[in-house]
Structures are given as C-alpha cells and as structure tokens.
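Per the numbering used here: the sequence shown = residues 1040 to 2129.
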Amino acid sequence: MADINELLGGETVDPTSAAAIEFIQTTQTQLLASVADLVESVTSLIQFAAETSLDSLFSDNQIYLSQVTPNNNAGGETDGETSVIAEGDTPILVDAVVADIWGGNLKFSAFDELNSYGDCTDEQAGTEDCKSIDWQTVSDSDKGDVLQVSYTDSAGHAGIVVGPGSAVDLSDYSNGSLKFDIKVVNKGADGLSAGFYIKLETTPDRTSGEIALSQIVANGNWESISIPMSALTASGDLNLASVTAPLVFFPAFGTSPGVQYLIDNVRFSGLADGAEQPAVGSGVDPQNPSSYSVTAYGAGNVADGINPNSYRCVYDFGNWIYNAGVVEPGIDGCNTDTNIPQGTPTPLSPQLTGPAQEKPTPTHKWWGSIPFLGEMQTGNADQAAYITPDPFIARVTEKGVRLLSIPGGLGPYSDGFMYQIPDPFVEVYDGIAVGNTDHSNLNAYLKDHSDGSVTVMWKAGDADIMEATFVHGSPYAYFKAYKGDLVLRTLREDGGEKGIFYNQGNSLGVWTSVAGNLNNFLITGEGSTSFANSSSNEITVSNEAKEFTLAYLPATGAGNASSAMISFFEARARNLVAAVNIDYSVDRSNNQVTVTHSYLNAQGSAVDTVVGMLPLHWKNSSQQASDYKVRSARGMIKFSQTDSFNYALPFVGVLPTMPSIADTFDQATLENLVTEFIDQGSAAWNKRTDTYWAGKNYGKVAELAAIADSIGMDAEQTMLIDWLKAELADWFTADTSGALDSNKYFSYDSIWNTLLGFEESFGSHQRLADHHFHYGYFVRAAAEICRVDAAWCGDDQFGPMIELLIRDYAADDNDELFPAMRNFDPANGFSWADGRVNFTRGNNNESTSEAATAYGAIILYGLTTGNNALVEKGMYLHASTSAAYWEYWNNIDGYNNVSADADNFPASYNKITTSIIWGDGAVFSTWFSAAYAHILGIQGLPSSPLILHVSQYADYMEDYVALGLSESSNNKPSGLVDDQWRDLWWNLWAMVDADAAIADYNSAASYTPEAGETKAHTYHWIHTFSALGQLQTGTGALTSDYPGALAFVKDGVTSYVVYNFTNQELAVSFSDGHTLMAAPQAFTLTKGSQ
C-alpha cells in the first residue's frame, strides 16, 4: 500500500477506493502484457537463432545494409532494412532510451514554436507541456521498444532534442556517419513535402546547420538512414571534439501537423581504426574559455566566442541574463548574491533569406526589426515592432503587413508628437493590410536591403509566398505573390470608414478613415488586373504577374484625390524601385559634403519614379519638387519626379582639444585641477568594465591628457597616455592571461556580424544597442594616443583593432565582416540607437552629441594616421549628424519662422527642441529622466571639440540654455540639483556667453563632475571660449579647406584656429580670404581684422 500511495502522488488513500482499485487493475494489466511480450520475444529469438548463422548476419563487425544510395542533401544513404548497432558505434537513442554518454533520458527534450521555441519539458519532474509534439515508448513488432513521436493536427514547428550535456569528443568518427532507423507512420496533412531535418550542436550558435534529409522515403516501412559526418561538419561551425547535442530532429517548417514516426538505433558509426570509443565528458568543454580561438588584429586580438564566466544576471520580476551575446533576455535562474545566471542562454538567429544571407547582417535601420525578429504575431502586444518607411508606418505580421500613413495619424501626444496607433496589434484597423488568399500563418525574413530600401519575404516553411519592397520617403510600396493571390483588407466594407474613390484600368483607389486617421491609397496592378469584391473589406487583386504597387496619395480628405494627383502617382507606380544607393563626396576646397540618392531597378539601372524628399534633402538641394507634399514625422515631405537627387551639407571642423590660449586662464589653477585628478590614483580614473561607462572614462582622460600636453605638464600627460595605452591594450587583447578573459575583451559574433564588448551595457549585446556611442569613446581615446605616439596605432600595433571598432559601427560597403554603416541611416541622415527595434514607434535615437563624437573620432583617427578615406567618411557622418540635429531635433527654421513648410514641428508642439527622435515623431524626454537639465543636456555630452556644432546658432542657443536651466533654483547651472550636470551646462552656456558661465562657475563652492567630465576640462573649456567667442564655421557661411580648421568671433574679431595633424607646415585658407601657415602637429591661432 505504501507503493500505491507513492505512485498516486504521495497521499494516503483508502485501498478500497475507486482510485486504488483502478490503479491495481491497470498495473495488473500492464504486467500481464509485459510478460506476454517477453515470452513472445524469447520465442522469436530462439527461432531466429536456429534459422540464421552469425556469419550471414555480421561481416567485419559492420551492419549488413542493402545500400540504396539516392541523391540527397546530406549526401547520406538509406535502405529498407533495419539495423543492428555494431561494435565501435556510439549510441545516442536506442530502445527509446538516451545513452548514458549523453546524460540519459534527463537530456531528452523538445522545442516547440507554440511554446515560444523554448524547452517544453521538465526532465527532472518527468513532465512536459509541449503544445505541438508528444512522444512515448511503444513496442514495435520488428524492433521491440522504440520511440514514437507524434504531432498534433495544429502543430507548429517542433522537434526532439538530445542534449545539450557534457561535451563528447567524436573526432574519431570524422570519416564515419550518423545513422538511425525511422518508420514514418503518418506523413501528416502536408505529406512531409519538404522532408525531415537534422542538426548537431557544439553550442547553440556553433552547429552543423540544419541538414535536409531528402533520402527518407516515408513509405510506412522501416528505413535505415546514414549521414556522412562530412555533411554535418561542412558548415565549419560544428566542433567534433566538442559535441554537446548529438541530435536535433524535426520535420521541415510548416509540415508538422499530423506527422507520426518511430525512431530507433540513433548512433555514430565508423570509428577510426585503432581508436577507442569516447567516454562521458571526453570532449573539449565549449564553456571552457581555453576552447575558444582568437584572431589577431595587429598586436591585439578578438575572440570567436564568449567566456561563460562573463555571463551575468539580474532579478527584476523575472530572471534576466546579460553579457552573454545576442540572446533572449530570460534565463532559468539568477543567483542575486553573485549575479551569476543558472541555465543556458537562448541565442537569437537573424531572420534572413535570399540575397540577405550572402551579406553581413544589418541592424539599426528604420526596418531593423525585420532581421532581428521577423514577423510580429497579430494580437501579441509583446511583439510590437513597426517599421517606418516614412510616409508609411507598417507592421509586418504572420498574415502579411499592416500599412498606415504617418501623415494620416500624426498628432500631439503627451510630451511630443507621434502616430497614436489604435489597437496596434490586430491585423488591420485604420489603414489597410496586404495579405495572401492562401496563407495566414507565415514567417517573414529580410530578403534584401539597400541604403534606402528593404525587401521582406514571407515564407511558409521553405516556400516563398509573397514579398514587399519598402522605400524610405517614397509614396510607393511594391508587392508580389509567389503562391496564392494578394489580398487587401480593411476594417470595414464600403461605408463611413472605407470607400472606393477610383476604379479605372489596372488601378483601384481605396480610402479609409478610422479613429480619426485618414488614408488614401492607390493600388496599381501589373498588366490587366481585377479587383474582386472591391466594396467589401477583403479585396482580392488578380493579375498574371501577381504584382501590384500600393501608393499613398497626399490628399487632404477621404477620397479627395484629384485626377491630376492620381495621374501623377499612377504613371510611375509600376516603375519598380529595387534599391536606393546613397553615396557621398567631399569637396576638400571648402569641406562641403554632397550626398546623392540614386533609385535603381533590379538590374541596377536608373528608375524614373516619384521620390519623397525630407526637409534635410529639399532644403539643401536644387532638385525641383512637384506641387504634392505632406507633413510627416520629420516635417514636410515634398514629392519629386526623378531617378536621383543630391543635396549639400557644410562641415563644422574638428580639433583634438580646445587650444590653450595665453592669459586666458590661471595656469596654477588649471595645473592644480589636473594634478587633483591624477592624485586620485589610476584606480579612481575608471571603475567600470562595461563598454559605455569605461569608454566615457577613457574619453575624459584623453581630453585631460591633451590639456596637460597643451600647458606643458609633460610628466602628467605621459602618465595619462600610458594609462590609456595599458587600458585599451587590455581591451584589445582577448586572452591577456593566456585564456579567454572574462571581462574587458571583444568577441566577434559571426552570426550577427558584430563586435561584442565585455561587459555589456544598455543592451549592447541583446539589442546590439548604441555601438556607435560606446565604441566611439574608445576610438576617441585611441585617436589621442595616436596623435602623440603614431607608432602605437601602426599596423603591427593597435591600429587594426581601432579600425575594427570603427568598422563595427561605420563599415564601408562590401565589408566582409560588418554591415555598411550599422548605426547611421543614410536615408534619414542621422543614426538610430537600437538594433532589435521592438517598438510600435519604430526606431529611436537620443544623444546626437554622442553620435557626433563617434563620427568625429573617426576623423581624428584618420587625420592622425593619414587615412584619407576614414577622414572623408567621418566628415560625411559628422556633417549629416550635425545638420540633422539642427533640422529635426531643434527645428531651426521653425524657430526662425522661415516658412510654414520649413517648420518641421507640428503646430501643436510648443517646445523649441526635442530629445528623442522616433520613426513616427519625437518626444521631449529621456530614457532615464524627466528633468529639463537632462532632456536638453543629453545633446551636449561629452563636452569636446567634436560637438561644437551644437553652438552654431547663437540666438537659438541662448534660448536653449534658458530652457534647459528653467528648473534650476536660480536659472543657472549652480542652481541645479546634484547629478543634473552643472559642469555640462557651464560648458554649453560658455559657447554663447562664456563670461556669464564663468561668473556662475566661480560662485559654486563645489560640485561633482558628470561621469564623462573633469574639473580641469570644464575650467579650461569655459575660459577658452571666453577668449574665442562664438563659433562661425559649420553653417556654410564661413568655410575652410582643412578639416582641422575652425573660426570663432568675439566683439567683431575673428579668431582662426587650426590644428595641423601632419608633420609638415600646412597652408590653410578660409572662404573669407583669410590664410595662414599652420605649424606641424600643433595649434596655430591667428586673428582677422575687426
């Protein structure tokens, strides 16, 4: 009875109860059946032995197979016979039991799409809650106990998994094969049209890849399958010396419903002559840092993996892992005392197909959620992502895409302006949706991309179903179906919220007006096109090509598009744009940057189309616009008929530091402030090991070293530079102790084509967020080292590592390791901060000054090393960032009341600036604070000559400072509360009124510097601006012919400041006629006439 109690869950029961009687009867029946099976098996064995000689059964210890060898993806073999495990084979799954070498049945599990692809088993408890898949041990008449795997009729993508467990060394099977027996009982609703797949793993991101097994006939009989190990190692990622998951097995995506199969005798076969079978734990531990390799870049190196000792976690209403690469944030457990996670991180893989698979994975664009996340599930608020091909905003879903126009819903919201999307997670509400007549559960992938466009492919399993190309600024979106027909869906049929305003030829005009959001769309098919049920809320679009273009018409009322407007947009609707190439050039005679947008078809030829020019474009271009325009997220979009356009931007100039000008400051005071910082000891200079905060500290030390150099504190400068060298050399060497470091190192992720720094901060791994901010600080610090010690940045030293950081956030086209311009968006002209982009508002960017620092640092590094290509790349990125700051963050033309069209902020927005730009608008806030000092101050850090553009317009800057200090107790920096960046505000104020800033600075008895600032730098900065006055370069009114040349004016006198990075005297000219000879590797200051 104690045994019955235990088996019934540990509760004391009445032996006469119904439950107890049922248990006894069931157990009795099972025991009798088992005895009968045993008797039958023994009888069969005796008969088999009497009729069969051992010589005919075995030959050279190999299994007898009837070797039928069809062509198949894995290069394997199949036969119609079952097999017997031979001597030397290493079993994986035999008689429905996982072999001990892999951890036994505790290491058997499953993955299930309907369980968010997580492990839906609890091996310890012996339970599972998989929604798609089930399994059990059954007795087969031919083979005895085997594993039966069954899929529900509504199954998602799911499969069985053995492992991961302790690594096993399978190197001695390198010329062998993986073999198993399978009997497909039911091919399911799809008929297993794409067969089965198999995968092996060293780690979740180092695998064999998914190998198609087309050799499985699935005819209802047992089949023996053999897969050469060479096929499993062809990816180059699987390490046979370290196999932790020997079996991941599943039907092709989308083909699982109703499938049932039996599997047995899964094993590795073909042990090398003289080799011994591997033992438990014989493999190289993939979690052991010594198992990773490093790639040298000059004197530095980068790891190819992550040291698990780097993993950290936090508990905050759940267990969250970080510092583990591009992974899902959830983890099984977290030791909050040590911040060490429990469990294995779940890696993310890019959602790529077609041409995108052949390129480095892009992130951080207005469409960044596509490669990161793929489709969003309708009804799922956790899958929030929208892309923003302005004037469209769109949500890519499993059903297709929901399309809205930003102009149709743009309006005020709390502390900003945006499109307040009603019911944002349904398939369609306001606007229109494009789907497929035959498919409603699709997976979306990034198919292709260019500087200004993205192509999304929807697939069902391996089958292409439909695709769409979105072009930033364009009124057009291009759709094509490969299976089924394209269908348009609206919330309502014809009535008060939807109607038809045009139906001629191959075009249909559809308007929607839902929840106050108005849209006018024109759908133009390819060739003869029909629109079935056009008055309904589901319109099927049919033509031979299965293609149409959806155009947004900038009409002001529901269905009010004029015939002229319809004709203008319809005429070029089927001129398909496949790519937008955006190039730049720099005129070194005046440092002007010219940016060119070219619209190309699939063959790379120019396309006559209608382009949408954003304010940054049309305000700086001679391109003729049409009469059609519309106000959207960035301001007024003006539409133009063309195949290309260009626009020009001025460049402000950069300096390594501000010059030290005689009689401007008290030398003793400044020296004391430098000494005060140094006397803290180097341990206090940086206490952080993450890429952001450590980077900020390196940046401020670089600034301080330059000041020390400029005022003759040679010993102090040497001390600071030597410390920077040691710190960066540590970061730039992944194995400083002979094994993979656990922090202060970089690892290259070949899956996401990115450089990961350890430790992570602000989602720099999981979201790939802010790489330009973080790594820009490193490059800025390195550039100062290069300025004073060029050899340290040589090809045989750390130059290649510095350039690797630059490539991560600002690579060229066709870089083999990194996507082009990761953070910078050429279409918009500014940067995006986030990689994952799981927001209804699209992507975002906050601190333009940190972006400018990252791009200015490229210029400094290029100038110090003589790399002209980097100089001009940095000039383009910096000039565009500066111009976009004034255009979109500060709305300078709106401030100056230039015109209604030139005003980029909606009339309802009452601030002169904003802080965070979103794909659908902007917001007056920060991610971390509602204080005005932070909201405006974030655009002024770090204080350095790389952000001088923030002071280009003096009148505006005075009002900006007043607004930023409006919550101060005395409307001055000294009245700010602690941690509201008093020193940054002195620095910003000094750029327009240095004497007032100095007076307030002198009134403050003490203060705590901002994390990226030093007291010496603040003192030096505000006094230097007192001598120089207001910046004059950067608006285009005054230019120079050298990147390191700027001009300032005070009391009507212009000061020309040049830092010559070369080792020869340099002639520098300004556009006002002033010329000077700049001394090599030094500052030269001259004054013009009053």
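Here a beta-carbon is modelled for each residue, glycine too, at the ideal position from N, C-alpha and C.
Going by CA-CA distance only, name the one from the options that's closest to residue i.
{"i": "Q1422", "options": "P1428, E1414, G1564", "result": "E1414"}
{"i": "I1266", "options": "Q1416, F1219, E1167, A1908", "result": "F1219"}
{"i": "I1700", "options": "E1586, A1228, T2123", "result": "T2123"}
{"i": "P1386", "options": "T1246, I1974, E1586", "result": "T1246"}
{"i": "S1567", "options": "G1538, L2067, R1613", "result": "R1613"}
{"i": "N1378", "options": "A1363, S1388, P1389, E1367", "result": "A1363"}
{"i": "W2060", "options": "V1201, P1981, A1941, D1774", "result": "P1981"}
{"i": "S1983", "options": "D1940, N1576, Y1900, L1743", "result": "L1743"}
{"i": "D1774", "options": "G1344, V1818, F1147, P1290", "result": "G1344"}
{"i": "E1167", "options": "T1635, D1151, T1563, G2068", "result": "D1151"}
{"i": "V1553", "options": "G1535, N1542, F1540", "result": "G1535"}
{"i": "G1439", "options": "S1919, N1907, M1457, Q1416", "result": "Q1416"}
{"i": "K2089", "options": "D1998, A2106, D2034, S2108", "result": "D2034"}
{"i": "T1294", "options": "L1525, S1171, A2084", "result": "S1171"}
Can you give me the C-alpha to C-alpha distance between residue i and residue j, rounded to a whole angstrom?
{"i": "Q1299", "j": "A1125", "result": "27 Å"}
{"i": "D1683", "j": "T1588", "result": "It is Ser, not Asp, that sits at residue 1683 in the sequence shown. Looking at the two C-alpha atoms, the distance is approximately 20 Å."}
{"i": "A1280", "j": "F1771", "result": "28 Å"}
{"i": "T1953", "j": "L1916", "result": "21 Å"}
{"i": "F1560", "j": "N1482", "result": "26 Å"}
{"i": "M2116", "j": "M1675", "result": "45 Å"}
{"i": "P2119", "j": "Y2098", "result": "8 Å"}
{"i": "T2093", "j": "V1691", "result": "16 Å"}
{"i": "L1530", "j": "P1461", "result": "12 Å"}
{"i": "I1445", "j": "A1664", "result": "20 Å"}
{"i": "S1321", "j": "V1200", "result": "20 Å"}
{"i": "D1761", "j": "V1207", "result": "45 Å"}
{"i": "A2121", "j": "S1749", "result": "9 Å"}
{"i": "Q1756", "j": "P1858", "result": "37 Å"}
{"i": "I1337", "j": "K1764", "result": "The amino acid occupying residue 1337 in the given sequence is Gly; Ile does not appear at that position. Cα-Cα distance, rounded: 15 Å."}
{"i": "G1382", "j": "I1897", "result": "40 Å"}
{"i": "A2050", "j": "N1736", "result": "7 Å"}
{"i": "K1726", "j": "L1987", "result": "29 Å"}
{"i": "E1583", "j": "M1604", "result": "27 Å"}
{"i": "L1310", "j": "W1261", "result": "25 Å"}
So residue i is in the beta strand (DSSP E); what residue range does that whole segment cover?
{"i": "M1505", "result": "1502-1510"}
{"i": "Q1187", "result": "1183-1190"}
{"i": "L1217", "result": "1216-1226"}
{"i": "I1360", "result": "1358-1361"}
Specify, as a first and last residue, the run of the alpha helix (DSSP H) that residue i falls within.
{"i": "S1671", "result": "From DSSP, S1671 is part of no alpha helix (DSSP H) but of the beta strand (DSSP E) over 1668-1671."}
{"i": "G1447", "result": "1445-1448"}
{"i": "K1522", "result": "Run containing K1522: none; DSSP gives neither H nor E here."}
{"i": "F1292", "result": "Taken as a continuous stretch (DSSP letters only), F1292 belongs to no alpha helix (DSSP H), as it is neither H nor E."}
{"i": "D1748", "result": "1730-1749"}
{"i": "S1812", "result": "According to the sequence provided, residue 1812 is Phe. The question's Ser does not apply to it. Note, F1812: alpha helix (DSSP H), 1810-1827."}
{"i": "W2130", "result": "Nothing in the structure corresponds to residue 2130, since the chain is present only between 1040 and 2129."}
{"i": "R1846", "result": "1838-1849"}
{"i": "P2134", "result": "No answer is possible for residue 2134: it lies beyond the span of the chain, which begins at 1040 and ends at 2129."}
{"i": "G1895", "result": "1887-1904"}
{"i": "P1654", "result": "1654-1657"}
{"i": "I1931", "result": "1931-1934"}
**Prompt:** Is it a yes or a no for the stretch 1245-1255 touching the stretch 1131-1150, going by three-plus beta-carbon pairs under 8 Å?
**Reply:** no
**Request:** Taking only runs that begin and end inside the stretch 2059-2100, name each unbroken beta strand (DSSP E) of 3 or more residues, in chain order.
**Result:** 2084-2089, 2092-2099
**Prompt:** At a cut of 8 Å, does the stretch 1780-1795 reach the stretch 1345-1363 through at least three beta carbon pairs?
**Reply:** yes
**Message:** Taking contact to mean 3 or more Cβ pairs, one atom from each stretch, closer than 8 Å, check whether the stretch 1510-1520 and the stretch 1588-1598 are in contact.
**Reply:** yes
**Asked** Are the stretch 1806-1822 and the stretch 1842-1850 touching by the rule of at least three beta carbon pairs closer than 8 Å?
**Response** yes
**Request:** List in chain order: all unbroken beta strand (DSSP E) runs of 3+ residues lying wholly within the stretch 1577-1648.
**Result:** 1577-1581, 1586-1591, 1618-1626, 1631-1639
**Message:** Closer than 8 Å is the cut-off here; do at least three beta carbon pairs connect the stretch 1620-1627 with the stretch 1478-1492?
**Reply:** yes
**Asked** Taking contact to mean at least 3 C-beta pairs separated by less than 8 Å, is the stretch 1645-1652 in contact with the stretch 2022-2040?
**Response** The stretch 1645-1652 makes no contact with the stretch 2022-2040, as fewer than three CB pairs between them are under 8 Å.
**Asked** Can you give, in chain order, each stretch of the beta strand (DSSP E) that sits fully within the stretch 1341-1408 and has at least 3 residues?
**Response** 1351-1354, 1358-1361, 1372-1374, 1379-1381
**Prompt:** Do the stretch 1951-1965 and the stretch 1892-1912 touch if we need at least three Cβ pairs shorter than 8 Å?
**Reply:** no
**Asked** Pairing CB atoms from the stretch 1869-1877 with CB atoms from the stretch 1908-1927, are three or more of them under 8 Å?
**Response** yes
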